[in-house]
Amino acid sequence: MSSTTNPSAQHTSTIGAIGAPSRRNTELALLAFAVVIPVFAYANVGLAIDGSVPSGLLAYGLGLGLMAAVGHLVMRKFAAYADPLLLPLATLLNGLGLVVIWRLDQSERLQNLAERQYGVFSPSAPNQLLYSAVGLALFVAVLVFLKDHRILQRYTYISMVGALVLLLLPLVPGVGADVFGAKIWISVAGFSIQPGEFAKIIIAIFFSGYLMVKRDALALASRRFMGLYLPRGRDLGPIITIWAVSLLILIFENDLGTSLLFFGMFVIMLYVATERTSWIVIGLLMSSVGAVGVASFASHVQARVDAWLDPFGCYQTSGACEQIGQSIMSFGSGGVVGTGLGQGNSDLIGFAANSDFVFSTFGEELGLAGVMAIFLLYGLIIERGVRTALAARDPFGKLFAIGLSGAFALQVFVVAGGVMGLIPLTGMTMPFLAAGGSSVIANWALVGILLRISDTARRPAPAPASNPDAEMTQVVRP
Amino acid sequence: MNKPLRRIAIFCGFLVLALLIRGNWLQYVQADELQKNKHNRRIAIERYEQPRGDIIVDGKPITGSKETSGSDFEYKRTYKDGPMWAPVTGYASQAFGANQLESIEDGILTGNDDRLFFRNTLDMLTGKNKEGGNVVTTLDGAAQKAAYNGLKQRGGKGSVVAIEPSTGKILALASFPSYDPSTIAGNSDKDAEAWQKLQKKENPNDPMLNRALREVYPPGSTFKVLTAAAALEEGLYKSADEKTDTPLPWTMPGTTTDLPNDGDLPCKDASLREALRVSCNTVFGKIGADLGNDKMLEYAKKFGFTEEQFTPVRSSASVFSDDMEPSETALSSIGQFNTATTPLQMAMVTAAIANNGTLMKPYMVDELQAPSLDTIEKTEPEELSKPMSAENAQILQSMMETVVSEGTGGKAKIDGVTVGGKTGTAQHGVDNSENPYAWFISYAKGEDGSSPVAVAVIIEDDDAVRGDISGGGLAAPIAKSVMEAVVKGRQ
Numbered sequence: 001m002s003s004t005t006n007p008s009a010q011h012t013s014t015i016g017a018i019g020a021p022s023r024r025n026t027e028l029a030l031l032a033f034a035v036v037i038p039v040f041a042y043a044n045v046g047l048a049i050d051g052s053v054p055s056g057l058l059a060y061g062l063g064l065g066l067m068a069a070v071g072h073l074v075m076r077k078f079a080a081y082a083d084p085l086l087l088p089l090a091t092l093l094n095g096l097g098l099v100v101i102w103r104l105d106q107s108e109r110l111q112n113l114a115e116r117q118y119g120v121f122s123p124s125a126p127n128q129l130l131y132s133a134v135g136l137a138l139f140v141a142v143l144v145f146l147k148d149h150r151i152l153q154r155y156t157y158i159s160m161v162g163a164l165v166l167l168l169l170p171l172v173p174g175v176g177a178d179v180f181g182a183k184i185w186i187s188v189a190g191f192s193i194q195p196g197e198f199a200k201i202i203i204a205i206f207f208s209g210y211l212m213v214k215r216d217a218l219a220l221a222s223r224r225f226m227g228l229y230l231p232r233g234r235d236l237g238p239i240i241t242i243w244a245v246s247l248l249i250l251i252f253e254n255d256l257g258t259s260l261l262f263f264g265m266f267v268i269m270l271y272v273a274t275e276r277t278s279w280i281v282i283g284l285l286m287s288s289v290g291a292v293g294v295a296s297f298a299s300h301v302q303a304r305v306d307a308w309l310d311p312f313g314c315y316q317t318s319g320a321c322e323q324i325g326q327s328i329m330s331f332g333s334g335g336v337v338g339t340g341l342g343q344g345n346s347d348l349i350g351f352a353a354n355s356d357f358v359f360s361t362f363g364e365e366l367g368l369a370g371v372m373a374i375f376l377l378y379g380l381i382i383e384r385g386v387r388t389a390l391a392a393r394d395p396f397g398k399l400f401a402i403g404l405s406g407a408f409a410l411q412v413f414v415v416a417g418g419v420m421g422l423i424p425l426t427g428m429t430m431p432f433l434a435a436g437g438s439s440v441i442a443n444w445a446l447v448g449i450l451l452r453i454s455d456t457a458r459r460p461a462p463a464p465a466s467n468p469d470a471e472m473t474q475v476v477r478p
Numbered sequence: 479m480n481k482p483l484r485r486i487a488i489f490c491g492f493l494v495l496a497l498l499i500r501g502n503w504l505q506y507v508q509a510d511e512l513q514k515n516k517h518n519r520r521i522a523i524e525r526y527e528q529p530r531g532d533i534i535v536d537g538k539p540i541t542g543s544k545e546t547s548g549s550d551f552e553y554k555r556t557y558k559d560g561p562m563w564a565p566v567t568g569y570a571s572q573a574f575g576a577n578q579l580e581s582i583e584d585g586i587l588t589g590n591d592d593r594l595f596f597r598n599t600l601d602m603l604t605g606k607n608k609e610g611g612n613v614v615t616t617l618d619g620a621a622q623k624a625a626y627n628g629l630k631q632r633g634g635k636g637s638v639v640a641i642e643p644s645t646g647k648i649l650a651l652a653s654f655p656s657y658d659p660s661t662i663a664g665n666s667d668k669d670a671e672a673w674q675k676l677q678k679k680e681n682p683n684d685p686m687l688n689r690a691l692r693e694v695y696p697p698g699s700t701f702k703v704l705t706a707a708a709a710l711e712e713g714l715y716k717s718a719d720e721k722t723d724t725p726l727p728w729t730m731p732g733t734t735t736d737l738p739n740d741g742d743l744p745c746k747d748a749s750l751r752e753a754l755r756v757s758c759n760t761v762f763g764k765i766g767a768d769l770g771n772d773k774m775l776e777y778a779k780k781f782g783f784t785e786e787q788f789t790p791v792r793s794s795a796s797v798f799s800d801d802m803e804p805s806e807t808a809l810s811s812i813g814q815f816n817t818a819t820t821p822l823q824m825a826m827v828t829a830a831i832a833n834n835g836t837l838m839k840p841y842m843v844d845e846l847q848a849p850s851l852d853t854i855e856k857t858e859p860e861e862l863s864k865p866m867s868a869e870n871a872q873i874l875q876s877m878m879e880t881v882v883s884e885g886t887g888g889k890a891k892i893d894g895v896t897v898g899g900k901t902g903t904a905q906h907g908v909d910n911s912e913n914p915y916a917w918f919i920s921y922a923k924g925e926d927g928s929s930p931v932a933v934a935v936i937i938e939d940d941d942a943v944r945g946d947i948s949g950g951g952l953a954a955p956i957a958k959s960v961m962e963a964v965v966k967g968r969q
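Protein chains in written order, with my numbering: chain A, 1 to 478; chain B, 479 to 969.
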């Protein structure tokens with residue numbers, strides 16, 4: 001399990017005192033790029049739209065720079081040995097997301113649409129900047145107050161209750177808000193919050209804690225049946241429960257994405273905990289049964305599937321088809337190099353252009369080159385997360401890290417695959433890029449937790465106390 | 479725990495890989511298809527991003543652009559004398575796409591054509607805005623006006639096509655009733671309403687139908703000139719004044735039915751000249767039956783039948799069947815039975831005769847210009863076929879000139895100009911129950927023997943009294959005014 005064994009054998013302990021370098025300076029250099037690239041992109045948008053460098057450039061640059069600086073300093077102080085890539089990657093994605101959201105704010109077409117629908121247009125970029133700051137604050141809070149991720153283990157069952165409550169909140173009358181058929185928002189004091197985004201992290205705590213305790217029972221106390229290890233009924237209980245809960249979310253909240261995400265995350269963690277392939281088979285079977293069952297009953301899911309199969313066949317008759325068709329045409333129109341920031345027509349997508357469909361704007365304006373770069377950035381975040389899981393020395397940390405990274409990977413796949421027409425569209429947000437407070441705040445917290453686990457894993461053990469027996473006998477001279 | 483972790487890492491790698499492949503698929507493999515998708519509004523947005531290039535007649539634009547506000551589109555298409563020019567320009571609408579020249583030459587008009595690529599790149603570097611190029615047409619404003627006003631005065635449905643025989647340049651291309659493309663150029667509710675009203679189901683007159691190129695009519699007696707050409711070429715008769723071997727009445731082969739003439743005409747053994755002058759069905763019907771289906775089809779094809787023409791606006795193919803009994807061939811050879819032709823096709827037949835037997839490919843785009851007015855592409859006249867020899871063509875010309883000077887085409891006479899022509903009254907409907915179509919084809923000839931213009935006119939006059947319809951009465955005056963306009967312009 002200890003993958004960071006120190007090669008030096010001069011100490012009796014397995015982990016050396018002269019451990020891995022902290023890599024904080026690498027992080028600082030990368031952060032400089034992560035700030036400069038979005039600043040250039042911002043200037044680019046302004047030049048393309050108005051022909052002048054936008055007046056907010058300095059404020060934007062300073063804002064992003066300040067966020068990066070705060071994050072970096074907190075890391076130096078509280079998580080000195082954490083992974084050097086995660087913070088710059090998150091900063092870069094968040095910065096680019098802000099630029100594109102600001103760019104879509106400038107779209108006359110979207111302004112007119114908002115005025116027609118709500119009577120007033122309000123730009124999203126200032127809010128998004130605020131949410132990013134809040135997200136960073138949460139990130140800092142995680143690093144400062146969560147000294148060791150293993151503390152979270154104590155709250156296993158509280159987490160379960162908390163996650164379920166969060167998930168079910170949107171269904172509570174008076175709190176939940178039904179927005180375009182999806183009941184995934186709650187409104188609190190004028191803010192609308194997507195509790196599912198936070199539930200994602202909290203439920204990972206429950207899964208990790210639960211599986212850490214039950215992994216042996218789940219792995220060993222099983223019967224072999226047709227080449228598969230089937231678990232005992234009582235061990236199966238919680239899994240069935242989670243499956244049922246995800247289906248309930250799907251049915252009552254019209255949220256295909258979140259249920260898929262939860263179930264996928266659970267199957268991944270179960271597999272890692274038990275090392276039994278049979279869990280993957282069972283998980284896939286259960287999820288396909290659930291998906292097919294729901295798809296054949298729920299009309300909105302059916303509409304999504306139809307839109308995915310042939311977006312242009314039903315383009316004129318179905319809103320779902322038009323949306324996905326517009327998104328695909330947006331990608332196609334971008335071609336290999338894209339139209340350039342501010343010069344595309346991805347705003348034709350209209351509704352949700354800067355949230356669920358924000359990635360289409362990247363596709364059109366930055367082209368295939370930009371899309372591949374973004375995917376590689378996401379790929380790197382996932383890779384660092386998995387590496388953190390490998391490096392972690394405790395099963396809870398391993399499970400927690402792989403749960404969070406796996407969920408992150410699934411979310412990227414489900415959202416990007418949805419807007420690109422690879423899989424049916426589900427209403428979820430692209431981490432860090434999409435406009436939406438809950439998403440950006442929750443993802444900053446997620447990165448904070450990964451960094452905490454990573455810091456714990458990479459931090460060298462304290463030097464062994466000096467052994468008095470080994471010291472030279474002191475000669476007391478008269 | 480590390481083994482499953484590594485497997486999960488590979489799984490996540492596959493997820494990202496799938497996304498990368500999908501990205502390449504959409505943005506590289508399918509990019510072109512998606513960019514050209516008919517639902518892709520970017521095409522229209524780009525089309526109206528800058529003032530559109532113009533379509534030009536006689537050195538003056540017949541189109542324009544004006545700035546619009548409150549929509550995705552910066553500019554809107556405008557048309558001068560829209561209804562008159564609609565069969566030439568087609569429409570370019572923000573909401574309903576484009577057709578005809580507006581669609582075919584869209585690349586030049588928007589400035590997106592590959593041939594403008596170098597220039598556009600240069601403009602981009604120097605910070606200049608992209609501009610559209612112009613499409614210079616072969617049309618003759620005066621002739622078009624004469625044609626359109628002639629049709630409008632008649633008030634029924636109809637169409638006129640005029641061609642310059644020596645080059646194939648289209649000089650006039652009119653269709654009535656027509657529509658004003660300006661009314662549907664925009665994106666508003668008003669435009670949508672106008673569009674609805676122009677559709678065939680709302681408007682039985684089908685004003686958006688380009689009759690000159692897309693409607694086929696039975697040609698009636700005007701087809702007899704083609705039959706005469708075949709007879710001369712095949713050596714069936716050597717001259718215009720040789721007596722033909724035609725009994726009266728003439729019974730169609732394989733039947734017991736006599737082919738009637740339109741009245742008591744001197745058609746017994748009439749010469750070709752006489753037969754054409756009074757329009758004998760018996761003489762030309764018998765020629766068709768004598769030559770047979772294959773020969774007649776061969777000549778029809780040489781004159782352009784059964785092929786679509788691309789002017790570059792596509793015209794429908796005219797019809798001459800290939801599987802007929804001799805009696806049916808006889809009927810077809812006088813322009814009845816299955817024979818059907820576009821007005822353009824009859825203008826081509828006339829032009830080939832007037833051009834001493836050489837058929838030129840008809841075209842209406844003379845030149846494509848870059849925004850700087852430099853020529854990008856110039857259309858050169860192109861020989862399509864040589865359906866008859868110059869001698870035979872001249873014999874046929876003299877016969878057609880007799881039709882105008884002494885026969886049914888008297889109303890097309892122009893002082894000081896030699897005119898040759900042929901009338902036609904084509905029956906249609908079940909048992910000829912509907913009003914027949916009035917045809918007139920003609921050409922004008924200068925003193926040097928070269929012809930500046932050949933015209934085909936068709937009138938489908940719903941309101942006319944049946945007896946009143948004859949090519950000579952309704953269609954010939956319009957053909958005359960079109961020829962006059964061209965001749966006057968050339969002087």
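C-beta atoms are modelled at their ideal positions from N, C-alpha and C, and glycine is treated no differently.
Burial state of residue 667 of chain B (16 or more Cβ within 10 Å)
exposed
Using the three-state DSSP reduction, which class does residue 946 of chain B fall into: helix, strand or coil?
Residue placement at residue 946 of chain B cannot be trusted, given a pLDDT of 47 that sits under 50; what the coordinates show is reported in the next sentence. Of the three classes helix, strand and coil, the one that applies to residue 946 of chain B here is helix, per DSSP.
According to DSSP, what are the bridge partners of residue 846 of chain B?
B/613 and B/855
Selection from A/406, A/331 and A/426 that minimises the alpha carbon distance to residue 492 of chain B:
A/406
Is residue 209 of chain A near residue 152 of chain A, with beta carbons less than 9 Å apart?
yes
Which residues of chain B have a Cβ atom closer than 7 Å to the Cβ of residue 348 of chain A, listed in chain order?
519
For a quick check, are the C-beta atoms of residue 88 of chain A and residue 68 of chain A less than 9 Å apart?
yes
From the DSSP secondary-structure annotation, give me the bridge partner or partners of residue 895 of chain B.
B/892
Interface positions of the region 274 to 307 of chain A facing chain B (Cβ-Cβ less than 7 Å), listed along the chain
275
What is the DSSP secondary structure of residue 316 of chain A, reduced to helix, strand or coil?
coil
Along chain A, in chain order, which residues have C-beta atoms closer than 9 Å to that of residue 506 of chain B?
335, 336 and 368
Grab me the residues of residue 502 of chain B's own chain with a C-beta within less than 6 Å of its C-beta, minus the 5 sequence neighbours each way, in chain order.
none
Checking contacts by CB at 9 Å: is residue 590 of chain B closer than that to chain A?
no
Residues bridged to residue 917 of chain B by DSSP?
B/902 and B/936
Enumerate, from N- to C-terminal direction, the unbroken alpha helix (DSSP H) stretches of 4 or more residues contained entirely within the region 576 to 611 of chain B.
578 to 582, 584 to 588 and 595 to 604
Considering only residues of the same chain and omitting the five flanking positions on each side of residue 138 of chain A, which have a CB-CB separation below 8 Å?
441, 444, 445 and 448
With three or more beta-carbon pairs closer than 8 Å as the criterion, would you say the region 790 to 801 of chain B touches the region 764 to 781 of chain B?
yes
Residues that residue 212 of chain A contacts on chain B, provided the C-beta gap is smaller than 8 Å
Neighbours of residue 212 of chain A on chain B: none; closest Cβ ~10 Å, over 8 Å.
So does the region 887 to 901 of chain B actually touch the region 731 to 751 of chain B, counting three or more Cβ pairs closer than 8 Å?
no
In angstroms, rounded to a whole number, what distance separates the CA positions of residue 206 of chain A and residue 156 of chain A?
5 Å
Looking only at C-alpha atoms, which of A/424, A/379 and A/351 sits nearest to residue 115 of chain A?
A/351
Quick check on the burial criterion: 16 or more other C-beta atoms within 10 angstroms. Buried or exposed for residue 25 of chain A?
exposed
Residue 556 of chain B: first and last residue of the uninterrupted beta strand (DSSP E) it sits in:
553 to 557
Of all Cβ atoms in chain A, is any one closer than 9 Å to the Cβ of residue 490 of chain B?
yes
Selected residue, minimal CA-CA separation from residue 535 of chain B, among B/615, B/579, B/495 and B/606
B/615
For a contact meaning CB atoms closer than 8 Å, what does residue 607 of chain B contact in chain A?
Within chain A, no residue comes near residue 607 of chain B; the closest Cβ sits about 12 Å away, beyond 8 Å.
Counting along the chain, where does the beta strand (DSSP E) carrying residue 535 of chain B start and finish?
533 to 535
Taking only three categories from DSSP, how would you classify residue 781 of chain B?
coil
Within the region 718 to 789 of chain B, ranges of the alpha helix (DSSP H) (whole runs, at least 4 residues)
750 to 756 and 759 to 780
Put residue 931 of chain B into one of helix, strand or coil per three-state DSSP.
strand
Exposed or buried, residue 429 of chain A, counting other C-beta atoms within 10 Å across all chains shown (16 or more means buried)?
buried
Along the region 567 to 594 of chain B, where does the CB come closer than 7 Å to a CB of chain A? Name the residues.
none
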